[in-house]
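Protein chains in written order, with my numbering: chain W, 150 to 538; chain Z, 150 to 538. The structure appears below as structure tokens.
2 protein chains.
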Amino acid sequence: MEFAKRLDNVTGSAIRAIFALLAQPGMISFAGGNPSPDSFPKEDIANISASLLCEHGSSILQYGGTPGIGSLKNTVIKMMETRSISAKPDEVIITSGATQGIGLAAKTLVNPGDVILTESPTFIGALQTFLTYEADVKGVEMDDDGMKMDDLEKKLTLYRPKFIYTIPTFQNPTGRTMSLERRKQMIALCKAHNVLILEDDPYCDLRYSGQPVRPIKSLDEDQLVIYLMSFSKIISPGLRVGAAIAHPRVIEKYNIAKQGEDLHTANLSQEIVNAYMLSGKAEPHIEAICAQYRDKRDAMLKKMEEWPKSITYTKPDGGLFIWVDLPKHMNAVDLFKQCVDAGVAYVPGVHFFPEGGHENTMRLNFSMASFEQIDKGMDILKGVIEKNI
Amino acid sequence: MEFAKRLDNVTGSAIRAIFALLAQPGMISFAGGNPSPDSFPKEDIANISASLLCEHGSSILQYGGTPGIGSLKNTVIKMMETRSISAKPDEVIITSGATQGIGLAAKTLVNPGDVILTESPTFIGALQTFLTYEADVKGVEMDDDGMKMDDLEKKLTLYRPKFIYTIPTFQNPTGRTMSLERRKQMIALCKAHNVLILEDDPYCDLRYSGQPVRPIKSLDEDQLVIYLMSFSKIISPGLRVGAAIAHPRVIEKYNIAKQGEDLHTANLSQEIVNAYMLSGKAEPHIEAICAQYRDKRDAMLKKMEEWPKSITYTKPDGGLFIWVDLPKHMNAVDLFKQCVDAGVAYVPGVHFFPEGGHENTMRLNFSMASFEQIDKGMDILKGVIEKNI
């Protein structure tokens, strides 16, 4: 059997091996990026689902249009207004999670060998997806204010990339937020170099401290930004609903490319998300999630205050992740095995870097574990780190 | 904006223009391939959905695994046994409709320029999807017993294709079923030429007359066949659930490629389909659909008995479509405009041919329209044809 060249460099085996370990009984996981399992409004969704199917079952169960259900597109447009983004219906397509919006960007824009710039480190799923379209992914250095603009400018000139992939707010894996100043600079640079931006913004509603920063898309007068939003972190990832907002020509290409993937996002998922957003229950639900995750973040950060001072880490204002820099001589891949044996898991940072390296880094997730697990897991982690420092 | 080369040849605009016309009030459509809107078990699904969410909401609303929910995979494996296909769990992946299974075949197997052989005519959606992966699609001649084996053998030698795409049972668009003899010949030919088969089988449960013919996959001792099944025609297309059954190495590649499309098929859709199949309600439901579609097929064929004798058409034992050959001098694209003006629509056959041509053909769908619409629409169609013959 001879497979297509495009899959040659994608195995995902290291990450799958990590997640296979999480199934061990008693394992405390700081590895995933999942919402807390008790955060889902399951009774509300059960009621919404039953009444939608009874009232509109004939259309929900029938084929739908590829761009998505009109009422949900309108709901997305209204949500965008609260983010200072104005969008028309032909600038919106419903996707099966922001994941699909990432894949469609590569599918519609990237020819083999084209360069994509990303934050270094960046989201593993995006890295893998870009590789399946034979993109050449190059990382841009970042600091606590996000992507560094001098390095970005250098690499825009050097590589002439097809687009920049960025998660500017509560970034995965670092938890960092790009400053407003940098966002303005990025738009100006991309305009000068005629380069598109893929702005992935699934975490923006999960803010626990500090002031909101406008999405890059809201500064985008020239429609250079493809903006991805998601309902995964605020309602449910299992329903697989998100949206892409971009220039109508981009949306038209997304539409054609999506037809060959899933024809359309499941109607029931779309209708549930729409009805839930319109029910008045979403705002208090998101507030409740934020309150819970804020406390979990604080619980994890509090335990980290006891760590040796040679270890640095981010203190995110939102999202799901804390990023850890161990002293250079330490190796988070080696440490990982000891931690798993002791009953706690994380993701070694090396997997998030387009060009590898940075073996001394790790990503910690604070949303999935219980408070008790956070306390216990962080004690185990501290013990392993102190033994190896 | 410079888009990827892979989308250059795909516009789908002709088909979209046709479907846009269907929105006109009063239009009788024989154009779609949709199940009848009153065929959906919406109350049963409403009840199943609500109780699933109440009982298992925390896992249904959480992220799921890319290969699909284990219990649904087991249900698919049991369904396959009734089709004389034996499959192990690592030979099955749940897809977002058979549509995704078609796209993943191209994504995992096709390098730009690779040849795919299909029946001529074949399913438009597959044609368009293959083009987005820059495949070179070549048609194989068919007759009432399906793909012609002498033409297949010739083209296997001539083109050395990556795989053969076939809908052997109640084919879209012709309604034809490939004979058992031909299925055995196809397997033998593919073994000799070391070529894979993508067997798309969404209609097999919609049989109204004649005896079932074994899927090609059931004759497949060498795992050359990627078999696609779908719940779209027997439960609901709007839920977007199907499955692919193939060699574990193919399934592993599907798994990697699917991660970048939608991560996983919506859990709620998967759980609903699984619970409905296990509820004991599926068998009588499918029987009821078949009874209704049989009557609609018969109603349409009865009206066609009054047509001029120079027109030939298929008399399918199942599925959703009748295929019409008008006299060579007639053009179903020109006729289409007159028909739409008179209030009835179909799909001109030219769109289904990989190499175009065959302007004298058309596809009629009999599942979507009511009996009254079938009578009225067929009268209109007869009038337009007689005026132009």
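Glycine included, C-beta positions come from ideal geometry on N, C-alpha and C.
I'd like to check one pair, Gly506/W with Val496/W: are the Cβ atoms closer than 8 angstroms? Contact: no.
Taking the continuous alpha helix (DSSP H) assigned at Phe485/Z, which residues delimit it? DSSP places Phe485/Z in the uninterrupted alpha helix (DSSP H) bounded by 481-491.
With distance defined between alpha-carbon atoms, name the residue in Met449/Z, Glu521/Z, Cys353/Z, Val344/Z nearest to Pro317/Z. Cys353/Z
Do we get a CB-CB distance below 8 angstroms when we pair Ile405/Z with the residues of chain W? yes
Which same chain residues end up closer than 8 angstroms to Val264/Z when comparing Cβ atoms and leaving out the 5 residues on each side of it in sequence? Ala284, Asp285, Val286, Lys287, Tyr308, Arg309, Pro310, Lys311
Counting only the same chain and skipping the five closest in sequence on each side, list residues whose C-beta sits under 6 angstroms from that of Asp239/Z. Pro397
So Gly206/Z is in the beta strand (DSSP E); what residue range does that whole segment cover? From DSSP, Gly206/Z is part of no beta strand (DSSP E) but of the alpha helix (DSSP H) over 191-209.
Buried versus exposed call for Ser178/Z [16 or more other C-beta atoms within 10 Å across all chains shown]: buried
Give me the residue from Thr463/W, Glu455/W, Pro322/W, Phe152/W with the minimum Cα distance to Gly532/W. Glu455/W
Give me the subset of the stretch 268-280 of chain W whose CB atoms are less than 8 angstroms from a CB atom of chain A, sorted by chain position. Protein chains in the displayed structure are W and Z, and chain A is not among them.
Report the three-state DSSP secondary structure of Pro238/Z (helix, strand or coil). helix
In chain Z, which residues lie with their C-beta within 8 angstroms of the C-beta of Gly213/W? Those within 8 angstroms of Gly213/W in chain Z are Gly387.
On the DSSP bridge assignment, give the partners of Ala393/W in chain order. Ile242/W, Leu377/W
In the DSSP assignment, find the unbroken beta strand (DSSP E) run with Phe470/W in it and report its ends. 470-474
Any C-beta of chain W under 8 angstroms from that of Pro186/Z: Closer than 8 angstroms to some Cβ of chain W, the Cβ of Pro186/Z qualifies, so yes.
Using a Cβ cut-off of 8 angstroms (strictly closer), state whether Gln408/W contacts chain Z. Between Gln408/W and chain Z, the shortest Cβ-Cβ separation is below 8 angstroms.
Touching by the beta-carbon criterion (3+ pairs, under 8 angstroms), the stretch 517-537 of chain Z and the stretch 484-494 of chain Z: Yes: the two stretches touch, three or more of their Cβ pairs being nearer than 8 angstroms.
Can you tell me the Cα-Cα spacing of Leu210/W and His413/W, whole angstroms? 12 angstroms
Three-state secondary structure (DSSP) at Pro433/Z? Taken through DSSP and simplified to helix, strand or coil, Pro433/Z comes out as helix.
Nearest residue (CA-CA) to Gln419/Z, options Ser245/Z, Lys191/Z, Pro186/Z, Thr231/Z: Per the Cα distances, Ser245/Z.
For Pro503/Z and Ser269/Z, which I take to be in contact (beta-carbon distance under 8 angstroms), what is that distance rounded to the nearest angstrom? 6 angstroms
Starting from Ile313/W, trace the beta strand (DSSP E) both ways and give me its first and last residue. 312-315
Bridge partners for Lys287/W per DSSP, in chain order? DSSP output for Lys287/W lists Leu266/W as bridge partner(s).
With contact counted as at least three CB pairs below 8 angstroms, one residue from each stretch, are the stretch 317-327 of chain Z and the stretch 187-203 of chain Z in contact? no
Of all the CB atoms in chain Z, is at least one closer than 8 angstroms to the CB of Lys366/W? no
What residues of chain W sit near Asp411/Z, judged by a beta carbon separation below 9 angstroms? Thr244, Ser245, Gly246, Thr248, Gln249, Gly252, Arg389, Glu410, Asp411, Thr414
Going along chain Z, which residues have a C-beta under 9 angstroms from Asn183/W? Gln211, Tyr212
C-beta neighbour in chain Z for Phe179/W, strict 8 angstroms: no
Neighbour flag for Val493/W against chain Z, beta carbons, 8 angstroms: Cβ-Cβ to chain Z under 8 angstroms: no for Val493/W.
Determine the direct distance from the alpha carbon of Leu301/Z to that of Leu156/W, and round the result to whole angstroms. 29 angstroms
Between the CA atoms of Ser459/W and Pro257/W - distance to the nearest angstrom: The question names Pro, yet the displayed sequence has Thr at residue 257/W. Cα to Cα, the separation comes out at about 45 angstroms.
Closer than 8 angstroms, CB to CB, is Asn223/W near chain Z or not? With 8 angstroms as the cut-off, Asn223/W does not count as an interface residue toward chain Z.
Relative to the C-alpha of Ile421/W, which residue among Gln441/W, Leu388/W, Leu450/W is closest? It is Leu388/W whose Cα lies nearest to the Cα of Ile421/W.
I want to know whether the stretch 335-347 of chain Z touches the stretch 367-376 of chain Z - three or more CB-CB distances under 8 angstroms. yes
Cβ separation of Ile280/Z and Val159/Z, assumed to be a contact under 8 angstroms, to the nearest whole Å: The question names Ile, yet the displayed sequence has Leu at residue 280/Z. Between Leu280/Z and Val159/Z, the beta carbon gap of about 5 angstroms places them in contact (Cβ cut-off 8 angstroms).
From the DSSP output, in three-state form, read off Glu348/Z for me. Strand.
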